Amino acid sequence: MGVDSVTRIFIAGVLLLQLRRISALGVNELLYFRILSPPDIGYIFSAAPARDFGGDFTTSYDEIFLVPAEPVDGCSELKNRDQIEGQVTLLERGGCSFVRKARVVEEAGGRAVLIADDASDNDSQYLDMITDGTADRPSIPALFILGRDGMMIRRSLQSQSLPWAVISIPVNVSSLASFPLQQPPWTLW
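Residues -24 to -1, 1 to 165 (mature numbering (1 follows the signal peptide of the UniProt record, and there is no 0)) make up the sequence shown, in order.
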């Protein structure tokens, strides 16, 4: 068995383990993104798209900024609106509905929103982000990420005094063998 075959089998096994951990999500329902910079968090992360609001990624971004929102919950006007325009925004769950968060980012000109669980020890449970009962339907992609992932991304940026990370989104997991397979060490895939 060649190296490519072993790598593909390993990747398939890793993805199968990941899918077994996800309660209600199917194989085609996860999206992946890769952090390119800073290098200490240069991993591939998984995210769950919102169930019934938000758009799909019609464009693949090879290098786009992931900007943590100020305030972190994104429930009020964003203080760093100028950094968010045209970029992907990182928010934290809580304070208002997922729909409201996506709308605030969309109004600031953001291209997509990643909402991290507010439980920083959550390293395995994805939540279904659903509408809040209003007629509001933001059109930007909205994705849920694990709390531990969100916390580690924010911690890295804060410790290095960086205003954002550089990411690629979405990442096609079937092409993972073309670059080093790097999952976060704190998350068992």
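Even for Gly, the Cβ is constructed at its ideal location relative to N, Cα and C. The structure displayed is predicted, hence computed values, not measured ones.
So, at 8 Å on beta carbons, what are the nonlocal neighbours of residue i in its own chain, with the 5 sequence-adjacent residues on each side left out?
i, result
"K55", "E46 and P47"
"Q59", "F41, V43, P139 and W140"
"R57", "A84 and G85"
"E61", "A84, G85 and G86"
"N98", "L122, G123 and R124"
Out of the options, state which residue places its alpha-carbon closest to the alpha-carbon of residue i.
i, options, result
"P161", "R69, I116, Y19 and F9", "Y19"
"P146", "A88, W140 and R130", "A88"
"R76", "T35, D49 and I17", "D49"
"S73", "A111, E61 and D97", "A111"
"residue 174", "R131, G71 and E53", "Any question about residue 174 goes unanswered here, given that the chain covers just -24 to 165."
"E5", "L119, P15, D16 and I129", "L119"
"D108", "G71, I17 and P15", "G71"
"R79", "D97, T34, C51 and D99", "C51"
"F33", "I129, L90 and R131", "L90"
If I'm right that residue i touches residue j with Cβ under 8 Å, what's the distance once you round it to whole angstroms?
i, j, result
"P114", "F41", "No, P114 and F41 are not in contact; Cβ-Cβ is about 19 Å, not under 8 Å."
"V142", "E68", "Not a contact, Cβ separation roughly 20 Å."
Given a cut-off of 8 Å on the beta-carbon distance, is the pair residue i and residue j in contact?
i, j, result
"L66", "A95", "no"
"I121", "G31", "no"
"G86", "V64", "yes"
Skipping 5 residues on each side, what residues in its chain have a beta carbon closer than 6 Å to that of residue i?
i, result
"V149", "Y8"
"R130", "P44"
Looking only at its own chain, which residues have a Cβ that is under 7 Å from the Cβ of residue i, when we skip the five neighbours before and after it?
i, result
"S13", "A141 and V142"
"L36", "According to the sequence shown, residue 36 is Ser rather than Leu. Hits under 7 Å: P146."
"R27", "D104, M105 and I106"
- At least three beta-carbon pairs within less than 8 Å, the segment 102 to 120 to the segment 130 to 142: They do not touch, by the three-pair rule.
- Query: Is the segment 117 to 129 touching the segment 22 to 38, taking contact as three or more C-beta pairs under 8 Å?
  - Reply: The segment 117 to 129 is in contact with the segment 22 to 38.
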